[in-house]
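>
In my numbering, the protein residues as written are 1 to 496.
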């Protein structure tokens, strides 16, 4: 049983510290100062997310209204109408923000090691990206959700542009144009739900719908769901929007892509759960979500097979595995949602391993193309071992963490009477391994056709790679380390 605290002090700090850091580092030009401020802020954010108790933060301090006693209360345990904007910090929020904060720490370190120009503005975009993701995963009102998705979409453009290539500029321009649709979709959905219920708070919307009933409101709810789905697709990169998101991943620095993919997974989980809570009782809602998830899984992994660059293979695999995350949520069962959230946590971890390995390849002259063989295993056998272990985790092989979440998703599919989806999950795992091993063989194992120079990989990259590999093994052997956060929250109704 979780103790709930109202107006929790730590919740705003998880957002405010990255925002203040972004303002400060953008205003100064001393690289050493930027480095120390950024690393310190990332570590402080990680620390707060670890030690924070569970509870709520009600903005403006407005109390909730108890319709049974016609009184106001600050007790979050009373089922009252929460008239203010609201953040929630529970077990699911904690584990996802802790993992994202850990990635933020290493992303900041790698950026300070590898970048020589425009460190301040670039670091500011990274912290703003994290702040938007933290808001999205903690939010319990549609106003904050809309604002955070809008901010996050704009910041993604800045992160992509920072890599400074023509491909990144094209990807950023296309994403900037089309991502505006996600914010517009959420705005329309908010307006419709606000019009029929009078509330923007998600819990209040659900309480009104359960109290008054939805008779006569079905058409409006379906229209609102349609705009939600539009925002879900654009924000998380689901099919048929996957080419836009994959370009964003492939064109960014690999360490930045680690933060970008974490933000996308948090968006998919948060928006997916909100849709399930509000619209889950309507017919065909789950079927639509399942269909989008399955199509995304298949298209992503098929497109990964035909790529000729390691970065782009990872980019499309991120898309495909996003479909695994949303599939669990779309099933709508307890096991499905547990598997979907667990898959999001695992996916963020093992994709970060592969992306950090890709970052290390930049020190060998950017040898990420599979057109030529480079024989990098001869020059860095430890990097070759690391990327192989990351590939096994991504393919869902034991004893790595991907195996545990995919088993839960397969069981949830079978229990839902969908054995064909269980087969698709297995096919995605096998194809993921094929796509990665093909690239690894060409870059690392095949005798070199193009000679690369000896390179010294920074210790920060090696440390990050092996730390996340250790996490994949620990969670793979002892999944309860993560599930003890996820299961109580899901069984308690998604929120504390």
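Note that CB positions come from ideal geometry on N, CA and C, so glycine has one too.
Decide if residue 306 is buried, meaning its Cβ has at least 16 other Cβ atoms within 10 Å, or exposed.
Exposed, because fewer than 16 other Cβ atoms sit within 10 Å of the Cβ of residue 306.
> Between the C-alpha atoms of residue 140 and residue 56, what's the straight-line distance to the nearest angstrom?
Rounded to whole angstroms, residue 140 to residue 56 spans 10 Å at the Cα level.
> How do the region 239-247 and the region 172-184 stand: do at least 3 beta-carbon pairs fall below 8 Å, yes or no?
Counting Cβ pairs under 8 Å, three or more are found: they touch.
> Do residue 389 and residue 259 come within 8 Å of each other at the CB atom, strictly closer than that value?
Going by C-beta atoms, residue 259 is not nearer than 8 Å to residue 389.
> Measuring only the C-alpha atoms, how far is residue 333 from residue 446?
Whole-angstrom Cα-Cα distance: 46 Å.
> Report the option in 200, 395, 246, 372 whose CA atom is closest to the CA atom of residue 311.
For the residues 200, 395, 246, 372, the minimum Cα distance to residue 311 belongs to 246.
> Would DSSP call residue 347 helix, strand or coil?
If DSSP states are grouped into helix, strand and coil, residue 347 belongs with the helices.
> Can you grab the Cα-Cα spacing for the pair residue 154 / residue 322, in whole Å?
Cα to Cα, the separation comes out at about 21 Å.
> List in chain order: all unbroken alpha helix (DSSP H) runs of 4+ residues lying wholly within the region 29-60.
For the region 29-60, whole alpha helix (DSSP H) runs of length 4 or above, ordered along the chain, are 31-51.
> Bridge partners for residue 478 per DSSP, in chain order?
The partner list for residue 478 (beta bridge, DSSP) is empty, contrary to what the question assumes.
> What whole-angstrom Cβ distance do residue 192 and residue 167 have, given they're in contact under 8 Å?
No, residue 192 and residue 167 are not in contact; Cβ-Cβ is about 38 Å, not under 8 Å.
> For the pair the region 441-458 and the region 341-353, tell me if three or more CB-CB distances fall below 8 Å.
Too few Cβ pairs lie closer than 8 Å, so no.
> The beta strand (DSSP E) with residue 87 in it runs from where to where?
Where residue 87 is concerned, the enclosing beta strand (DSSP E) stretches over 86-89.
> Quick check on the burial criterion: 16 or more other C-beta atoms within 10 angstroms. Buried or exposed for residue 378?
It counts as exposed.
> Let me check understanding here. Comparing Cα to Cα, which of 169, 327, 309 lies closest to residue 295?
Minimum Cα distance to residue 295 is reached at 327.
> Mapping DSSP to helix, strand and coil, what is residue 159?
In this structure, residue 159 counts as helix in the three-state DSSP scheme.
> What are the partner residues of residue 139, as DSSP defines its beta bridges?
Bridge partners of residue 139: 87.
> From residue 496 to residue 95, what does the alpha carbon distance come to, in whole angstroms?
Confidence in residue 496 is poor, its pLDDT being 38 and thus under 50, which makes the residue's placement too unreliable to answer from.
> CB residue 410 to CB residue 394, shorter than 8 Å?
No, the Cβ-Cβ distance between residue 410 and residue 394 is not below 8 Å.
> Please go through the same chain and pick out, in chain order, the residues whose beta-carbon is closer than 8 Å to the beta-carbon of residue 255, but skip the five residues on each side of it.
Contacts found: 106, 107, 110, 111, 114, 355, 356, 359.
> What residues match up with residue 369 in a beta bridge as DSSP calls it?
Residue 369 is bridged to 309.
> Given residue 300, which residues of its chain have a CB within under 7 Å of its CB, disregarding the five upstream and five downstream residues?
If we look at residue 300 and ignore the five residues flanking it on each side, its Cβ neighbours are 242, 316, 317, 319, 320, 323.
> Closer than 8 Å by C-beta to residue 174: which residues in its own chain qualify, once you throw out the five before and the five after it? Chain order, please.
Around residue 174: 244, 247.
> Quick one: is residue 27 buried, meaning 16 or more other Cβ sit within 10 Å of its Cβ, or exposed?
That one is exposed.
> Are the region 279-298 and the region 143-162 touching by the rule of at least three beta carbon pairs closer than 8 Å?
Contact fails: fewer than three Cβ-Cβ distances are below 8 Å.
> Measure the alpha-carbon distance for residue 494 versus residue 97 and round it to whole angstroms.
Unreliable positioning characterises residue 494 in this predicted model, as indicated by a pLDDT of 47, which lies under 50. The coordinate reading is nonetheless provided below. Roughly 16 Å between the two C-alpha positions.
> If the criterion is Cβ atoms closer than 8 Å, does the pair residue 486 and residue 91 meet it?
Yes.
> Between the C-alpha atoms of residue 206 and residue 336, what's the straight-line distance to the nearest angstrom?
Approximately 21 Å, taken between the alpha carbons.
> Do you know whose CA, among 415, 127, 403, lies nearest residue 473's CA?
Comparing Cα positions, the closest option is 403.
> Going by Cα to Cα distance, which pick from 387, 42, 50, 132 is closest to residue 10?
Per the Cα distances, 50.
> For residue 2, name the three-state secondary structure that DSSP assigns.
Unreliable positioning characterises residue 2 in this predicted model, as indicated by a pLDDT of 49, which lies under 50. The coordinate reading is nonetheless provided below. Here residue 2 sits in coil by DSSP.
> What's the gap between the Cα of residue 177 and the Cα of residue 196?
Rounded to the nearest angstrom, the two C-alpha atoms are 31 Å apart.
> Tell whether a beta-carbon distance below 8 Å holds between residue 341 and residue 269.
Taking 8 Å as the Cβ cut-off, residue 341 and residue 269 qualify as a contacting pair.
> Let me confirm a value: residue 125 is counted as buried when at least 16 other C-beta atoms fall within 10 Å, else exposed. Which label applies?
When all chains shown are included, residue 125 counts as buried.
> Is residue 7 helix, strand or coil when you go by DSSP?
Three-state DSSP puts residue 7 in coil, outside helix and strand.
> For residue 331, is the classification buried or exposed, using 16 other Cβ atoms within 10 angstroms of its Cβ as the cut-off for buried?
Result: buried.
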